[in-house]
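Here is the structure we will look at.
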Amino acid sequence: MSPLFAYGSFIWPIVKRRLMKAAPMSCSSLCKRRKALMLQAKMFGAGLGVALAFCTALLLPLSLGAQTTSSLNAIQMARDSGLGVNRLQGTARMTYWGFNVYDAELWVDTSFRAQDWRRLPFVLELRYLRAFKGQDIAKRSLDEMRRQTTFSEELAQRWLDDMALAFGDIQAGDRLAGVYQPEKGVRFYANGVFRRDIADPEFARLFMGIWLSDRTSEPKMRQALLGYQ
Numbered sequence: 153m154s155p156l157f158a159y160g161s162f163i164w165p166i167v168k169r170r171l172m173k174a175a176p177m178s179c180s181s182l183c184k185r186r187k188a189l190m191l192q193a194k195m196f197g198a199g200l201g202v203a204l205a206f207c208t209a210l211l212l213p214l215s216l217g218a219q220t221t222s223s224l225n226a227i228q229m230a231r232d233s234g235l236g237v238n239r240l241q242g243t244a245r246m247t248y249w250g251f252n253v254y255d256a257e258l259w260v261d262t263s264f265r266a267q268d269w270r271r272l273p274f275v276l277e278l279r280y281l282r283a284f285k286g287q288d289i290a291k292r293s294l295d296e297m298r299r300q301t302t303f304s305e306e307l308a309q310r311w312l313d314d315m316a317l318a319f320g321d322i323q324a325g326d327r328l329a330g331v332y333q334p335e336k337g338v339r340f341y342a343n344g345v346f347r348r349d350i351a352d353p354e355f356a357r358l359f360m361g362i363w364l365s366d367r368t369s370e371p372k373m374r375q376a377l378l379g380y381q
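When we follow our numbering, the leftmost residue of the sequence shown carries the number 153, and every step to the right adds one.
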C-alpha cells in the first residue's frame, strides 16, 4: 500500500464520524460533502506522509550517505580497471596542527595482505576537508616520496607534472582516488571521474608508500589504513 493511501485510511474513520454526527441533509448534499471530506482526508494524508519522510531523511546520519557514495565510487573505479576490490580495509583522518585535512579509505580484495601491499591491487581514496591547489598537493607528495628513496631531478619533475595534472585544484568535499595496479602503475580519479593514468610501477609504489610504507611520516595513519588498529 502506498503512503498516500495508508495515511488516507488512517484519517478516513475520523471523517466518517463527522459525517454521522452531521445534521440530516439530502442525499445529493450528503454525497457532495462526503466526497469533499474524503478528498481532504487524502490530501492531509499525503501531506503527512511527505512531512514524515522528510523528517526521517533529516534524521539519517550524514556519514552514512557519504560512506555509501564513497563505497560505490571506489568499487566502480576498481571495476573499471578490472580489479575485484570490494572490501574496506581501513580508514583514517589526516590532521595537521589541529586542522582536519582529509579522510582516507583503503579498499582491497579478499586476497589482500597488509605486509604484501606492494604486490596486490587496491584503491586509496581521499575525501578532502579543505581546499588545496593541485600543484601544492603534488609538491608535498613528492617530498613524502623522497622519504622512501632517492631519485633524479629529471624524474622528480616528470612525476611532479604528472601529479599536478592528475590532481587538479581541490575543493572541500572533493574526492581524489588512486587505483593501484601492481607492476603497472596507478590510475587517478577525481570525484569518480577518470583524470590520468601514470603507467610507472616505481612511481605507483612510492606514491602509495606515502601512506602505506613503513617509512611514512604518518605511522598511525598507516596502521589504521592497513587494519592494524
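C-beta atoms are modelled at their ideal positions from N, C-alpha and C, and glycine is treated no differently.
- Between Ala324 and Tyr280, the gap from beta carbon to beta carbon is short of 8 Å.
- In the three-state reduction of the DSSP assignment, Asp268 falls in the helix class.
- Closest by C-alpha distance to Arg310, out of Tyr332, Trp269, Asn343 and Asp352, is Asp352.
- A buried status is given to Gly337, since no fewer than 16 other beta-carbon atoms sit within 10 Å of its beta-carbon.
- Pairing Asp288 with Arg327, the inter-Cα distance amounts to about 16 Å.
- Distance from Asp314 to Arg339 at the Cβ level is roughly 12 Å; contact not present, criterion being Cβ atoms closer than 8 Å.
- Here DSSP, grouped into helix, strand and coil, assigns Gln241 to strand.
- For Glu277, the uninterrupted beta strand (DSSP E) segment begins and ends at Phe274 to Tyr280.
- Residues of the same chain with a CB within less than 6 Å of the CB of Ala244, apart from the 5 flanking positions on each side, are Ala256, Met373, Ala376 and Leu377 in chain order.
- In this chain, Arg367 is not harboured by any alpha helix (DSSP H), its DSSP state being neither H nor E.
- Approximately 16 Å separates the beta-carbon atoms of Phe359 and Gly320; this is outside 8 Å, ruling out the contact.
- Here Pro273 is actually not in contact with Tyr341; their C-beta atoms are around 15 Å apart, not less than 8 Å.
- Leu294 sits close to Ala308, with the two beta carbons spaced by under 8 Å.
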